[in-house]
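The number in the working numbering is simply the position in the first sequence, starting from 1, with 251 added. All residues carry an ideal CB built from backbone N, CA and C; glycine is no exception. Everything numeric in this text was worked out from a predicted model, so none of it was measured.
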Amino acid sequence: MTNVEIVELLRNVVAALTIKDVNRFRIIAYTKTADAIEQLTSEVKDLWNEDKLELIPGVGKGIASALDELFKTGGVKHFEEIFSGISPALFVLLKIPGLGPKRAYQLTQTFQIYDPKSAVDILEKVAKLNKIGKLEGWGEKSQTQLLSAIATFRKGQIKENRMPLPLADMLAQELIAYLSPLPQVERVDVLGSLRRKVATIGDIDMAVATNDPEVVLDAFVKFPKVRKITDKGPKGATVQLLVGRQVDLRVQTPQAYGAMLQYFTGSKYHNIKLRELALKKGLSLNEHGIKRIKAGKTIPYATEEDFYKVLGMDWIPPEIREDLGEIEASLRHTLPKLVGLTEIKGDLHIHSNYDLKPSHDLGSSSFEELLNQAVSQHYEYIGISDHNPKVSDLKVEQIIDIMKRRKHAFEQFYSSWENHKNNRVHFFTMLEVDIDPKGKLALPMEAFDYIDACVVSIHSSFTQSKELMTERILNGLSHPKAKILGHPTARLLGSRESIEADWDKIFQFCKAYNKALEINSWPERLDLPDRLVKEAISQGVKLVISTDSHAAGQMSGMQYGVDVARRGWATKKEILNTLEYNEFNTWIKG
DNA sequence: GCCGTTTTCGGCCCGACTGTTTTCAGTCG
252 MTNVEIVELL RNVVAALTIK DVNRFRIIAY TKTADAIEQL TSEVKDLWNE DKLELIPGVG
312 KGIASALDEL FKTGGVKHFE EIFSGISPAL FVLLKIPGLG PKRAYQLTQT FQIYDPKSAV
372 DILEKVAKLN KIGKLEGWGE KSQTQLLSAI ATFRKGQIKE NRMPLPLADM LAQELIAYLS
432 PLPQVERVDV LGSLRRKVAT IGDIDMAVAT NDPEVVLDAF VKFPKVRKIT DKGPKGATVQ
492 LLVGRQVDLR VQTPQAYGAM LQYFTGSKYH NIKLRELALK KGLSLNEHGI KRIKAGKTIP
552 YATEEDFYKV LGMDWIPPEI REDLGEIEAS LRHTLPKLVG LTEIKGDLHI HSNYDLKPSH
612 DLGSSSFEEL LNQAVSQHYE YIGISDHNPK VSDLKVEQII DIMKRRKHAF EQFYSSWENH
672 KNNRVHFFTM LEVDIDPKGK LALPMEAFDY IDACVVSIHS SFTQSKELMT ERILNGLSHP
732 KAKILGHPTA RLLGSRESIE ADWDKIFQFC KAYNKALEIN SWPERLDLPD RLVKEAISQG
792 VKLVISTDSH AAGQMSGMQY GVDVARRGWA TKKEILNTLE YNEFNTWIKG
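Printed below as a string of structure tokens:
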């Protein structure tokens, strides 16, 4: 039973309870647990094994005993009772946008839809026969909407289909460029998960400060790349872009814009915690401002700083607004000073075009181009970490020879490089070395003499057991020159799950032997993931943020890795490549 | 069903929009 399966089961319980109209706080409790498990960095089953289920936020005695039964017997009797009388086809229909539990139930009952496989087809058929519009609570319009929602569902444009952060950012920037020139627009901001820099984005959320919302919203829905207008009211609108992505825009007056930014940035649970806190002070929060409950009057706030100040709090960076302790830290005035892009002094995971017969892809830029890019990013140092030579194709002597010549070529070029005289960018001769399935590094021992240090990474056999994988990684990191674990979880967003490993054990090893974990900035990786960054830091582990660039231009992607670090509460002192050259040199060669 | 500086009972965040209604239910974020 994986986390994904448990989450699905709990969401089905939520739907069933909603249909049965039980106490809505019972329903909220299950929702909370499902959300929490979705964000978990460890498997629920492992927590169950260690008798730590109640560490999951929102899990109390009731849900813990249900999970216990689930792992022991494969099912939960209490859930079966909740599901009784509900068609299995209903849970499929819930994936149609805009169709919730109650109306889905009405439809499965009315049309006797039982088979999950044919459920959507049958529904479409009866809608086309104009049978749904005549039902109680339905009408012409809602029937038409349902048909269009079914079409959307078939295209696979459902919520699970998330896009990488940089793509969402690009789409948002186009909209900002389109809206900003309007004289009625005082400010445009990206909000929601995009402002919080979450690794993958579902919908794009934006807000505009304006005194003329009508004009702004009219312009917004006329954006040339809009396929269809989903929602439109006086306070906001939702559209679907031609590329299939949804954008929500909210408007607010400049005087109340701070409250809007705060409200629409989220996260959901950050806001809930904040509102609970406010209630205890006799205040009620909403997107228009803060209401004194007794006086019944809402006071607007132009900036987020002022909004938080009313609650006795410091402004909280959007990246950490996840209800993971930031509210408490803000109240105590002990928020961390998160690391910033300008503090980064070097990039240690860059692939050049030096052909060393690599095991994986070669970069496309020369050593010189990489050095020049480093100059333009004001770096003090870079590490060239090409993939190791392909061991299966080459003899040991050949590899040693390649490595010797590579080191010589780099050094020779460097001594002639024009910027060298100013000593502006130092370099490290590095390598990204595969950790083979048995934990052995894919480089002959003697060849290590020709590198300063290496990044070690998993590039194969991703599905090994947790125990084997953990041993494999620790073996790989044991070589004195193995200083950095590259893209530690090996995940590829949208296409490959993280490997399973005992992260606590890896963190302890790294701390004990002065190894660093990489935060890989590649948009599909963003690995180490933010939650694990936070855990690693809390255990005293150091990190390096790198880009894994395969071309000079990609080195500017460092921002995305910094975003991940910030989401993991990293400050300058945990990120080793914020160190000055001399200090960094001491660590990497130490 | 969960939870505790209102601690084992009695609360639990807040609002927008749509379509169907004649005051509200359902869905979403």
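Item                                                                                                                                                                                               : Value
Between the Cα of residue 614 and the Cα atoms of 595, 597, 638, which residue gives the shortest distance?                                                                                        : 638
Confirm the yes/no value for this check: CB of residue 458, any heavy atom of the ligand MG, distance under 7 Å.                                                                                   : The ligand MG is absent from the structure shown, which contains no ligands of any kind.
Could you compute how far the alpha carbon of residue 546 sits from the alpha carbon of residue 756?                                                                                               : 55 Å
List the whole-angstrom C-beta distance separating residue 737 from residue 706, where the pair is believed to meet the contact cut-off of C-beta under 8 Å.                                       : 4 Å
Could you check what DSSP says for residue 774 in three-state terms: helix, strand or coil?                                                                                                        : coil
Any idea what DSSP makes of residue 475, helix, strand or coil?                                                                                                                                    : coil
According to DSSP, is residue 501 helix, strand or coil?                                                                                                                                           : strand
Closer than 8 Å is the cut-off here; do at least three beta carbon pairs connect the segment 523 to 530 with the segment 480 to 493?                                                               : no
Determine the burial state of residue 409: buried for a count of at least 16 other Cβ atoms within 10 Å of its Cβ, exposed for fewer.                                                              : At residue 409 the pLDDT is 48, less than 50, meaning the model places this residue with poor confidence; the figure from the coordinates comes in the next sentence. That one is exposed.
With a 10 Å radius around its C-beta and 16 neighbouring C-beta atoms as the bar for buried, classify residue 305 as buried or exposed.                                                            : exposed
Alpha carbon to alpha carbon, how far is residue 263 from residue 448?                                                                                                                             : 29 Å
According to DSSP, is residue 434 part of a helix, a strand, or is it coil?                                                                                                                        : coil
Whole-angstrom Cβ separation of residue 632 and residue 671, contact assumed at under 8 Å?                                                                                                         : About 13 Å separates the two Cβ atoms, so there is no contact after all.
Three or more C-beta pairs closer than 8 Å, one from the segment 681 to 690 and one from the segment 617 to 637: is that the case here?                                                            : yes
For residue 556, list the residues DSSP reports as bridge partners.                                                                                                                                : Answer by DSSP bridge pairing: none, since residue 556 is not bridged.
Is the number of C-beta pairs between the segment 617 to 632 and the segment 640 to 655 that are closer than 8 Å three or more?                                                                    : no
For residue 841, does the count of other Cβ atoms within 10 angstroms reach 16, so buried, or fall short, so exposed?                                                                              : exposed
Please go through the same chain and pick out, in chain order, the residues whose beta-carbon is closer than 6 Å to the beta-carbon of residue 694, but skip the five residues on each side of it. : 639, 684
Among residues of its own chain, excluding the 5 on either side of residue 812, which ones have a beta-carbon nearer than 8 Å to its beta-carbon?                                                  : 770, 771, 772, 777, 796, 797, 798
Is residue 727 helix, strand or coil when you go by DSSP?                                                                                                                                          : helix
Would you mind sorting residue 763 into buried or exposed? The rule is 16 or more other CB atoms within 10 Å of its CB.                                                                            : exposed
How about residue 766 and residue 590: are their beta carbons less than 8 Å apart?                                                                                                                 : no
Would you kindly work out how many angstroms separate the C-alpha atoms of residue 294 and residue 443, rounded to a whole number?                                                                 : 27 Å
Excluding the five sequence neighbours on either side, which residues of its own chain have a C-beta within less than 7 Å of the C-beta of residue 825, listed in chain order?                     : 788, 793, 794
With H, G and I counted as helix, E and B as strand and the rest as coil, what does DSSP make of residue 760?                                                                                      : helix
Between which residues of its own chain and residue 311 is the CB-CB distance below 6 Å, once the five residues before and five after are set aside?                                               : none
Measure the beta-carbon distance from residue 552 to residue 540 and round it to whole angstroms, keeping in mind my assumption that it falls under 8 Å.                                           : 6 Å
Under 8 Å between the Cβ atoms of residue 258 and residue 278?                                                                                                                                     : no
I need the boundaries of the alpha helix (DSSP H) containing residue 577, first residue and last residue.                                                                                          : 577 to 582
Could you give the residue range of the beta strand (DSSP E) that holds residue 701?                                                                                                               : Premise fails: residue 701 is in no beta strand (DSSP E) and is neither H nor E.
If I measure Cβ to Cβ from residue 732 and keep anything under 7 Å in the same chain, skipping five residues before and after, which residues do I get?                                            : 699, 702, 704, 705
Could you say which of 341, 280, 343, 340 lies nearest to residue 314 if we only look at CA atoms?                                                                                                 : 280
Taking DSSP as the reference, what is the three-state secondary structure of residue 586?                                                                                                          : coil
Distance, Cα to Cα, residue 453 vs residue 558?                                                                                                                                                    : 27 Å
With DSSP collapsed to three states, give me the class of residue 275.                                                                                                                             : helix
Taking only runs that begin and end inside the segment 613 to 692, name each unbroken alpha helix (DSSP H) of 4 or more residues, in chain order.                                                  : 618 to 627, 647 to 667
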